[in-house]
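Student: Just passing along the structure, written as structure tokens.
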Amino acid sequence: MNVQDEIIKELQDMHSPLATASRLMPYAVPGRYFENLAPVLIANMEDASVTTGKENVFSIPGNYFDQLPGQILATIRTEESIAAFPEHIPYENPENYFDALPATILHKARHEKAGAFIIKWQQAIRWAAAAILVLGVAFGAYKFFTPAPLDATKALAELPEETIREYLVQNIDDFDTELILNNLNTDKDIRSATGLDNEDIIQYLNETGWNAQTDVN
Numbered sequence: 595m596n597v598q599d600e601i602i603k604e605l606q607d608m609h610s611p612l613a614t615a616s617r618l619m620p621y622a623v624p625g626r627y628f629e630n631l632a633p634v635l636i637a638n639m640e641d642a643s644v645t646t647g648k649e650n651v652f653s654i655p656g657n658y659f660d661q662l663p664g665q666i667l668a669t670i671r672t673e674e675s676i677a678a679f680p681e682h683i684p685y686e687n688p689e690n691y692f693d694a695l696p697a698t699i700l701h702k703a704r705h706e707k708a709g710a711f712i713i714k715w716q717q718a719i720r721w722a723a724a725a726i727l728v729l730g731v732a733f734g735a736y737k738f739f740t741p742a743p744l745d746a747t748k749a750l751a752e753l754p755e756e757t758i759r760e761y762l763v764q765n766i767d768d769f770d771t772e773l774i775l776n777n778l779n780t781d782k783d784i785r786s787a788t789g790l791d792n793e794d795i796i797q798y799l800n801e802t803g804w805n806a807q808t809d810v811n
């Protein structure tokens, strides 16, 4: 086995893609390329010098050189004024500043957290007060626009006695006879339901506190 085969085998053992690569050069140089290279370069340089314009592509601002000495002098004076500054630092740190710095930062952080907590509680109280106010207004509006339920007992108590007596006389036939009989006070007042008339009802009302006399229609 020659050296070439050993190299290929070693590349195959390493699973290298170079083991399958062709040994032939994939690129080709034209014939007499290097012999003609120098004349070609010279010709290209001559063509570039011919086509390049003779005018300067850069321009200088007006009175540039007239103002240049003054600008240089101003720059020097600025540097001199900077050099006149004192070399020592004009500010001083308090004694043990950096030693106490961690504790100071921690104290400020705790104070800011406590302040933020108080602000949140204040905001919560404001929101709660606003919610209570809205609920109160809504409840008041509901009570205002919703009519109260009619209390029959209260409405009946506000009617005059004369009005109630006249209603009973005119509508005696519509009442429950058995209910009326059960509310009579004495046995002598109990009669047959078929024999109950307006005079019986009026007599019962007079005996239980209705003293006014009412004509029977």
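Its first residue numbered 595, the sequence shown is counted upward by one per residue in our numbering. The beta carbon of each residue, even a glycine, is placed where N, CA and C say it ideally should be.
Give the range of the alpha helix (DSSP H) segment to which Ser-675 is assigned.
Tutor: Reading the sequence shown from its first residue, position 81 is the one you call residue 675. Unbroken alpha helix (DSSP H) run through Ser-675: 658–677.
Student: Write down the C-beta distance between Ile-795 and Leu-762 rounded to the nearest angstrom, noting that I regard them as a contact closer than 8 Å.
Tutor: Stepping through the sequence shown from its first residue, residue 795 is reached at position 201. Stepping through the sequence shown from its first residue, residue 762 is reached at position 168. So it is a contact: roughly 6 Å between Cβ atoms.
Student: Alpha carbon to alpha carbon, what distance is there between Ile-719 and Glu-755?
Tutor: Here residue 755 is taken as the residue at index 161 of the sequence shown, counted from 1. Here residue 719 is taken as the residue at index 125 of the sequence shown, counted from 1. A straight-line Cα-Cα distance of about 57 Å links Glu-755 and Ile-719.
Student: Within its chain, find whatever has a CB closer than 6 Å to the CB of Leu-605; leave out the 5 residues flanking it on each side and keep chain order.
Tutor: What you label residue 605 is simply residue 11 of the sequence shown in a count that begins at 1. Hits under 6 Å: Leu-612, Ala-613.
Student: To the nearest angstrom, how far is it from the Cα of Val-597 to the Cα of Tyr-621?
Tutor: In the sequence shown, counting from the first residue as 1, residue 597 sits at position 3. In the sequence shown, counting from the first residue as 1, residue 621 sits at position 27. The straight-line gap separating the alpha-carbon atoms of Val-597 and Tyr-621 is approximately 25 Å.
Student: To the nearest angstrom, how far is it from the Cα of Ala-677 to the Cα of Asn-687?
Tutor: Here the question's residue 677 lines up with position 83 in the sequence shown. Here the question's residue 687 lines up with position 93 in the sequence shown. Ala-677 and Asn-687: Cα-Cα distance of roughly 25 Å.
Student: How far does the alpha helix (DSSP H) with Glu-752 in it reach, from first residue to last?
Tutor: Position 158 of the sequence shown, counted from the first residue, corresponds to residue 752. In the DSSP assignment, Glu-752 falls outside any alpha helix (DSSP H), carrying neither H nor E.
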